[in-house]
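Student:
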Amino acid sequence: MLNRRKYALSLICSCILFLQNALLVIGDPYPPLTPITPQNVYEIQELNTIGRGWIADSDLSPDGKTLAVAGTLGVWLHDANNLRKSPHHLVDTPNIGYVKFSPDGKWLAFGSTEVGIHLWNTQSTDQHISFSAKPRMVAFSPDSNVLAYEKQSGEIALRDINAGRVNTVLRFDTFEMGDVVEGLAFSPDGKLLALATSYRILIWSLDSPDEPRMIAPDIGGIWSGNILAFSPDSTLIAAGQGESAAVWNIDTLSKVATFSANRYPISNVTFSADGKRLITAVGFYLGGRFHDSVQIWDLTSGDQIATVASSTSGLVEAAIAPDGQSLFISNLDTVQRWDIAENRLRDATTGYLGYVNSLTFSADNSLIAAGFSNGEVRLLDTVSGEERLMVETWAEVDKVILSADSKVLVALSTLHGLPSPSKVWVWDVASGAELLLLEDDLTLGAGDVALSPDGSLLASSFCSDINRTEICLGQIQLWDTSTGALVAVFDVESGFVTSLVFSQDGKYLASKSA
């Protein structure tokens, strides 16, 4: 489950609405398009939705046959053995933050802090239960009859699903404002409930639930994600703590093992169905890009069996299939199925878009160029949603530009932080070939880029740092896109240039300085 928060961007221009990282193209679907004016703005109709938004959480059914994916545009059910097959759109409730199958596979729970909790009967989709509690996560009891969730700060409710009432409320002190619920899990034998907060793990015996036992993890704290898991025999509990994962004995609460292979915080831990392996995952956003990897550990020897670098698009969830042969990894824009023995990608979903940072239309409105936080740039058909081109940069894409004739595509990518080096890519749309790559090895970043109407000139405002100071000198560079040659440099006395734009006829170049 992804708990990282990133706000969506809303843009309205001549015929596009971008909301919650999905692309909604609006306007009259039959040419000629009618310009949007104050008089007809309420008559705007949705023409097309491109993509399924981004993925917030996923869960594999107990029989390993169905993969549920939750995100900004609802819940989708995939065939786990054929991820490329078109999924079933179960509900279109927006902004779903978590999804969870019950152990018997009968119920599918999903919801968020915005939409409350929803339960769907997978055997009869007409049966739908919802209630107003708005927790960040839920957990099913092993018999699938009880749903646990945070009722309010300092209270965990145990709800009898069949009776439709809360039978038990577990209470705990919240010592710090940041001491929030990060993980929740029943032991497989049904005797215990564990809760992870930012600073500790609490374990209740459900036979006498008055006073929980406590584990205080080492310095590093517990990070957001599915970072709490019981072993199948209920004798061990694992949690992510900072840059490592620890395993404790349930009876003694003593630490029995520590696993660490990263320099980024662990965001996900889970045991294999046979209890012989531990899966740890990292999905950490730093410096303008995601750092994603999954490790599989042998619990007996402590050896690392395999490492899978899933992508750089933001890891959400990782789980081993019940047969122990496949590893499912969910990212913001895809779910992948890996063969564990061969450490090879077997299958992956399509259609999820991840975080969209920048959009632009082609001059004839037939194409949309989109830049993503994982460094991808995609050219999409506005009507069909078909991907015409996909190219990759090295970090978060801040800006995309299409030339007036749609033959040249430009992207500005920045590794955010100090120093913040930037790169500018120029591609030929027809072939996907890279025409030009500008790197600022001796500078502190690029303020902006602009493309002349005919696509022949690229203007950039790299921050000059000749003296290796943090003082940016105002400068504009002009590049020939066909040859990659630097044809002119202009010094701007008013300081670092943060915005550039060519006039529509290509005769003027305007700049704005910080």
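My numbering puts the first residue of the sequence shown at 1, with every later residue one more than the last.
All residues carry an ideal CB built from backbone N, CA and C; glycine is no exception.
(1) Report yes if the C-beta distance between I55 and G74 is below 9 Å; otherwise report no.
(2) What is the residue span of the beta strand (DSSP E) that Y98 lies within?
(3) In this structure, does DSSP put V166 in helix, strand or coil?
(4) For S494, collect the residues of the same chain with a Cβ closer than 7 Å to its Cβ; drop the 5 residues on either side in sequence, then sort them by chain order.
(5) Does the beta-carbon of L184 have 16 or more other beta-carbons within 10 angstroms, so that it is buried, or is it exposed?
(6) Say whether the segment 368-385 touches the segment 38-54, bearing in mind that this needs 3 or more beta-carbon pairs closer than 8 Å, one atom from each stretch.
(7) When the Cα of G111 is compared with those of D126, Q123 and T93, which residue comes out closest?
(8) Whose C-alpha, out of V408, G385, S422 and S384, is nearest the C-alpha of W394?
(9) Are the CB atoms of L192 and I156 within a distance shorter than 9 Å?
(10) So, is V414 buried or exposed, given that buried needs 16 or more other C-beta atoms within 10 angstroms?
(11) Can you tell me whether L500 is buried or exposed? The criterion is at least 16 other CB atoms within 10 Å of its CB, across all chains shown.
(12) When burial is assigned at 16 or more other CB atoms within 10 Å of the CB, is V41 buried or exposed?
(13) Taking only runs of the beta strand (DSSP E) that begin and end inside the segment 244-306, which ones reach a length of at least 3 residues, in chain order?
(14) Does the beta-carbon distance from P265 to G242 come in below 9 Å?
(15) Here's the rule I'm using: 16 or more other beta-carbon atoms within 10 Å means buried, otherwise exposed. How should G508 be labelled?
(16) According to DSSP, is E386 part of a helix, a strand, or is it coil?
(17) Taking only the alpha-carbon atoms, compute the straight-line gap between W120 and A510 and give it to the nearest angstrom.
(18) Give me the DSSP bridge partner(s) of V44.
(19) In or out: G371 buried (at least 16 other Cβ within 10 Å) or exposed?
(20) To the nearest angstrom, how far is it from the Cα of F271 to the Cα of A239?
(21) Please state if the CB of S330 and the CB of A318 are separated by a distance shorter than 9 Å.
(22) If you count every other CB in all the chains shown that lies within 10 Å of the CB of S503, and 16 or more means buried, which is it?
(23) Can at least three beta-carbon pairs, one atom from the segment 357-366 and one from the segment 77-96, be found at a separation below 8 Å?
(24) Buried or exposed: where does S14 fall if 16 or more other Cβ atoms within 10 Å of its Cβ makes it buried?
(25) Can you tell me whether R171 is buried or exposed? The criterion is at least 16 other CB atoms within 10 Å of its CB, across all chains shown.
(26) Would a C-beta distance cut-off of 9 Å place G351 and E376 closer than the cut-off?
(27) Tell me whether E434 sits in a helix, a strand or coil according to DSSP, three-state version.
(28) Could you tell me whether the Cβ atoms of A363 and S406 are closer together than 9 Å?
(29) I need the DSSP call for S373, collapsed to helix, strand or coil.
(30) Which runs of the alpha helix (DSSP H), 4 residues or longer, sit entirely within the segment 55-121?
(31) Measuring straight from C-alpha to C-alpha, what distance separates I96 and S452?
(32) Leaving out five residues before and five after E386 in sequence, what residues of the same chain have Cβ atoms less than 8 Å from its Cβ?
Tutor: The structure says:
(1) no
(2) Y98 to F101
(3) Reduced to three states, the DSSP call for V166 is strand.
(4) G474 and S513
(5) buried
(6) yes
(7) T93
(8) S422
(9) Contact flag unset, no.
(10) Checking the sequence shown, residue 414 turns out to be Thr, not Val. That one is buried.
(11) buried
(12) Exposed, because fewer than 16 other Cβ atoms sit within 10 Å of the Cβ of V41.
(13) Counting only runs of 3 or more, we get 244-249, 255-259, 268-271, 277-286 and 289-298.
(14) yes
(15) The sequence shown places Tyr at residue 508, not Gly. Looking at its Cβ environment, which holds fewer than 16 other Cβ atoms inside 10 Å, Y508 is exposed.
(16) DSSP places E386 in coil when its eight states are reduced to three.
(17) Taking the straight line joining both Cα atoms gives about 56 Å.
(18) A small fix is needed here, since residue 44 is Ile in this sequence, not Val. Paired residues: none, contrary to the question.
(19) buried
(20) 11 Å
(21) For A318 and S330, yes; Cβs fall inside 9 Å.
(22) exposed
(23) No: the two stretches stay apart, fewer than three of their Cβ pairs being nearer than 8 Å.
(24) Confidence at S14 is low in this model, with a pLDDT of 31, below 50, so the placement of that residue should be treated as unreliable; the coordinate-derived value is given next. When all chains shown are included, S14 counts as exposed.
(25) Exposed.
(26) no
(27) DSSP places E434 in the strand class (E or B) of the three-state scheme.
(28) Cβ distance < 9 Å, so A363 and S406 count as in contact.
(29) coil
(30) none
(31) 42 Å
(32) L380
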